[in-house]
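Here's the structure, in structure tokens; my notes come after.
Protein chains: 2
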Amino acid sequence: MEKQYVPAEEIEKRVHTLRSEVAKREWDAVLIVQNVDLFYFSGTMQNALLFVPLDGEETLMVKKYRERVQRESAIARVIPLNSWNDMPALIVEHYGRTPQKMGIELDVIPAKDYIRLQEIFAGVEIVDSSSLIKAIRKIKSTYEIGLMKQAGEIGKIVFEEVPRVLKEGMTEIELAGILVAVSMRHGNQNYLRMRAFNAYAYSWHVLSGYTGGVLSYIDAPMGGMGLSPAFPVGASHKPIKAHEPILIDFGICYNGYQIDETRMFSMGELPKRFKDAYRATREIEAAMTAAARPGVSCHDIYRMGWEVARRLGYEEHFMGPPDYKTRFIGHGIGLEIDEYPFIAQNHDYPLEEGMTFALEPKMVFPEEGAVGIENTFVTSEEGVEQLTPAEETLIEV
Amino acid sequence: MEKQYVPAEEIEKRVHTLRSEVAKREWDAVLIVQNVDLFYFSGTMQNALLFVPLDGEETLMVKKYRERVQRESAIARVIPLNSWNDMPALIVEHYGRTPQKMGIELDVIPAKDYIRLQEIFAGVEIVDSSSLIKAIRKIKSTYEIGLMKQAGEIGKIVFEEVPRVLKEGMTEIELAGILVAVSMRHGNQNYLRMRAFNAYAYSWHVLSGYTGGVLSYIDAPMGGMGLSPAFPVGASHKPIKAHEPILIDFGICYNGYQIDETRMFSMGELPKRFKDAYRATREIEAAMTAAARPGVSCHDIYRMGWEVARRLGYEEHFMGPPDYKTRFIGHGIGLEIDEYPFIAQNHDYPLEEGMTFALEPKMVFPEEGAVGIENTFVTSEEGVEQLTPAEETLIEV
Chain W
219 MEKQYVPAEE
229 IEKRVHTLRS
239 EVAKREWDAV
249 LIVQNVDLFY
259 FSGTMQNALL
269 FVPLDGEETL
279 MVKKYRERVQ
289 RESAIARVIP
299 LNSWNDMPAL
309 IVEHYGRTPQ
319 KMGIELDVIP
329 AKDYIRLQEI
339 FAGVEIVDSS
349 SLIKAIRKIK
359 STYEIGLMKQ
369 AGEIGKIVFE
379 EVPRVLKEGM
389 TEIELAGILV
399 AVSMRHGNQN
409 YLRMRAFNAY
419 AYSWHVLSGY
429 TGGVLSYIDA
439 PMGGMGLSPA
449 FPVGASHKPI
459 KAHEPILIDF
469 GICYNGYQID
479 ETRMFSMGEL
489 PKRFKDAYRA
499 TREIEAAMTA
509 AARPGVSCHD
519 IYRMGWEVAR
529 RLGYEEHFMG
539 PPDYKTRFIG
549 HGIGLEIDEY
559 PFIAQNHDYP
569 LEEGMTFALE
579 PKMVFPEEGA
589 VGIENTFVTS
599 EEGVEQLTPA
609 EETLIEV
Chain A
219 MEKQYVPAEE
229 IEKRVHTLRS
239 EVAKREWDAV
249 LIVQNVDLFY
259 FSGTMQNALL
269 FVPLDGEETL
279 MVKKYRERVQ
289 RESAIARVIP
299 LNSWNDMPAL
309 IVEHYGRTPQ
319 KMGIELDVIP
329 AKDYIRLQEI
339 FAGVEIVDSS
349 SLIKAIRKIK
359 STYEIGLMKQ
369 AGEIGKIVFE
379 EVPRVLKEGM
389 TEIELAGILV
399 AVSMRHGNQN
409 YLRMRAFNAY
419 AYSWHVLSGY
429 TGGVLSYIDA
439 PMGGMGLSPA
449 FPVGASHKPI
459 KAHEPILIDF
469 GICYNGYQID
479 ETRMFSMGEL
489 PKRFKDAYRA
499 TREIEAAMTA
509 AARPGVSCHD
519 IYRMGWEVAR
529 RLGYEEHFMG
539 PPDYKTRFIG
549 HGIGLEIDEY
559 PFIAQNHDYP
569 LEEGMTFALE
579 PKMVFPEEGA
589 VGIENTFVTS
599 EEGVEQLTPA
609 EETLIEV
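Sequences listed follow chains W and A, in order.
All residue numbers for the first sequence refer to this note's numbering, where the first residue is 219 and numbers rise by one.
All residue numbers for the second sequence refer to this note's numbering, where the first residue is 219 and numbers rise by one.
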């Protein structure tokens, strides 16, 4: 387990960056409340809050359970917290004063807790720290990229299993379950994390034939049937048939870090129109990755994907059926699967070295099926490096 | 799929109950924003909000995607919503006026969205509807109990698989993965839902030997090692050995409805102290269920569990190590796994017919292991009925 702990120098760097961003905004402090942000800035996901003042040492206030926090976190100052009500007193005791202006992640903290913190910190101006935190987290360190590469290696093992287990008549969810089992044995935590409210991520986006053309609430080219209206996305009870496109979009999370990846399979030969469309998505991806490098705007990469899709004659099918196109072709990924950068319309900021994102050019043929490729990339000094090494050829079993 | 849709009479009853509770409080309306509450009151989990006025027909306002909403939901009035900003105008258009006092689930809506809704509904008093909604949802209908029974049947299949696949040296997470695969094949959605902020539920709480004594952030007698500090609960990479207690706490979610269940296994004979302790947990459960019936206070059932544990000499081990006892022995369960009622200290309200809850008397031996039983029950007219039929005997493979 020891090696799984986030190295002290990572935590120091992250907290240092946080503090300089707080200084730029003339705030006095941030209070980290969400578990993923807490993990990022402290290395632990136990029940705790992290107080980072502009001046003075950062403090982990732990509700449960301190021994484990001290083992997992490189933060030196770890104190017990019986109740949120005690926070102002604990802060005054150590720092001499409460902050004037304090950031909290208002994009994720529930309203009820926000109202309670406003009462507890009466007189403190509470501001939204979420965009600041997302901006810091979007640039990955070598350490973080290394974990994403390990996630990519697990993905390779998962996709290699498909031709061994795929059988006519097996349901999408049965295949999905087998792949989940393989992934877990190799360290996938089987729980993807998403920041958006009401959103939930899952690995098992296994769609075959017509389910690839079924839409759902998610901003994705295809939603799938899912198991029921209570989980209306991803793999369903539909049996998989021969000559259908089988699209497997499978996310892996290793030590908290995620990759997202899609590969195509079929039993027997896949009809030519699907093969051609799949080849087109690979061509679109190749054009986008050839253009992607630090300084290039995400919007421009997005536009380039669309240009190639149009040139190849896939305007109707690209990124969803005509009235339901997604607003993006790629999304940032790391501890959460909806991070910056978005390769999307109106995302007019440049790629930077260390940004990680998944590109997923996909084609939808309503009532027939979907095809597409997805890989996760890190922006390097000169271009992008692929973190998902699974074989990309269509596998006809 | 058709049969999976929530029947119209269920939706009508639920909305009717909601409206009468709104009337009692002298509010004008509720706006349902969270996906699980939306599913409960409308039958769909697509991207939509449900407006329920005191006078007038309820309206589903759909961001994406209306065709599927109309198929899944028994709510008759379904209108498109381009932006949250349009809601007041849409409401005035149909109902003639905006509400004076409107409930929103402040326990789950993010602060940022709450602040935005306050701006959008300027002049409307926004109140917290969460306790009202939780109170309605805690009483299950025959239809809901039927789905939980089907979840229980899947649990039985999962636990029956354990002796077939358990092998010395296999890791906790490998065993967990195999069971997840079996459960998914039979319809488990492999995604448990929890309402609390920063909390996440998972099926694969597979603990063997010393990991059963490892604590984590969760309010549970044992947390387990988990795969890393980024998922510090449940199954780990530890190989399972002979003569260790193997505790498998596995949740199942079928059509949105969950059950929670724990069974005990070992490879070779389990040492007598663990066997005795397991027998004690079954005795505690039997005493609690014999007492449980409508009108009996949850606190009294909780106290009875503790009395039996003390009488049998397990005060030190029951519900966690000495300084880290959980505050509950049972929790309500349904669409979320942290529903009412809690069989806990200070939960001094009576059981009512239709309440469903999991009881989980467990014993922890730090650094050695954990044992325990867990079943899900529904409160019937005369007592409780068990929804989780898997064999309860310790299985020595």
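Glycine is no exception: its CB is placed at the ideal position from the N, C-alpha and C atoms.
All values reported here derive from a predicted model rather than from experimental measurement.
For Glu392 of chain A, the closest Cβ of chain W is nearer than 8 Å. At a Cβ-Cβ threshold of 8 Å, Val383 of chain W and Phe468 of chain W do not count as neighbours. Phe449 of chain W belongs to the set of residues whose beta carbon lies under 8 Å from a beta carbon in chain A. If you ignore the 5 residues before and after Pro306 of chain A, its C-beta comes within less than 7 Å of the C-beta of Thr316, Ile338 and Phe339, all in its own chain and listed in chain order.
Here Leu577 of chain W is near Asn593 of chain W, since their CB atoms are less than 8 Å apart. By the criterion of a C-beta distance shorter than 7 Å, Val296 of chain A is surrounded in its chain by Leu278, Val280, Arg284, Val287 and Gln288, once the five residues flanking it on both sides are discounted.
Using a Cβ-Cβ distance cut-off of 8 Å, the region 267-278 of chain A and the region 581-601 of chain W are not in contact, since fewer than three pairs of beta carbons, one from each stretch, lie closer than that value.
By DSSP's assignment, Gln476 of chain W forms a beta bridge with W:Cys471. DSSP places Thr316 of chain A in the coil class of the three-state scheme, outside both helix and strand.
Your pair Gly552 of chain W and Arg355 of chain W checks out as a contact, with CB atoms roughly 6 Å apart and the cut at 8 Å.
Shown in chain order are the members of the region 290-303 of chain A whose Cβ falls below 9 Å from a Cβ of chain W: Glu290 and Ser291. Around the beta carbon of Asp566 of chain A, fewer than 16 other beta carbons sit within 10 angstroms, so the residue counts as exposed.
Around Gln563 of chain W, no beta-carbon contact reaches into chain A at under 9 Å, the shortest distance being about 16 Å. DSSP, reduced to helix, strand and coil, places Phe339 of chain W outside both helices and strands of the structure shown, so it counts as coil. The beta carbon of Asn300 of chain W sits closer than 8 Å to those of Lys281, all from its chain and outside the five residues before and after it, given in chain order. Residue contact check for Lys282 of chain A against chain W: a CB pair falls below 8 Å. Under the Cβ criterion of 8 Å, Gln407 of chain A is counted among the residues facing chain W. Counting only runs of 3 or more residues that sit fully inside the region 450-529 of chain W, the beta strand (DSSP E) segments are 464-472 and 475-484, in chain order.
A:Ala329 is the residue among A:Ala329, A:Asp346, A:Ile591 and A:Ile351 whose C-alpha sits nearest the C-alpha of Val345 of chain W. The alpha-carbon separation between His549 of chain W and Asp325 of chain W amounts to approximately 18 Å. Contact between Phe575 of chain A and Ala562 of chain A is ruled out by a C-beta separation of about 10 Å, above the 8 Å threshold.
Here Met320 of chain W has Trp245, Asp246, Ala247, Val248, Leu249, Phe339, Val342, Glu343, Ile344 and Val345 as same chain residues with Cβ atoms under 8 Å from its own Cβ, once five neighbours each way along the sequence are excluded.
Per DSSP, reduced to three states, the secondary structure at Asp273 of chain W is coil, with no helix or strand assignment.
Taken atom to atom, the span from the alpha-carbon of Met440 of chain A to that of Glu378 of chain W is near 36 Å. The Cβ of Asn473 of chain W sits closer than 8 Å to at least one Cβ of chain A.
The beta-carbon distance between Gly261 of chain A and Ser291 of chain A, rounded to whole angstroms, is 5 Å. This is short enough to meet the 8 Å contact definition. When secondary structure is reduced to three states using DSSP, Gln288 of chain A falls in the helix class. In terms of beta-carbon proximity, Met366 of chain W stays away from the interface with chain A, with every pair separated by 8 Å or more. Under the three-state reduction of DSSP, Gln604 of chain A is assigned to strand.
Residues of the same chain with a CB within less than 8 Å of the CB of Ala508 of chain W, apart from the 5 flanking positions on each side, are Gly601 in chain order. With a beta-carbon spacing of about 14 Å, Pro457 of chain A and Ser484 of chain A fall beyond the 8 Å limit used to define contacts. Taking C-beta atoms as the reference points, Pro447 of chain W and Gln252 of chain A fail to come closer than 8 Å. In this structure, Glu386 of chain W places its C-beta atom within 8 Å of the C-beta atom of Ala460 of chain W.
Burial state of Val310 of chain A is exposed, judged by a 10 Å Cβ sphere holding fewer than 16 other Cβ atoms. Here the alpha carbons of Gly373 of chain A and Phe595 of chain A stand approximately 14 Å from one another. Here the alpha carbon of Leu393 of chain A sits roughly 29 Å from the alpha carbon of Ala417 of chain W.
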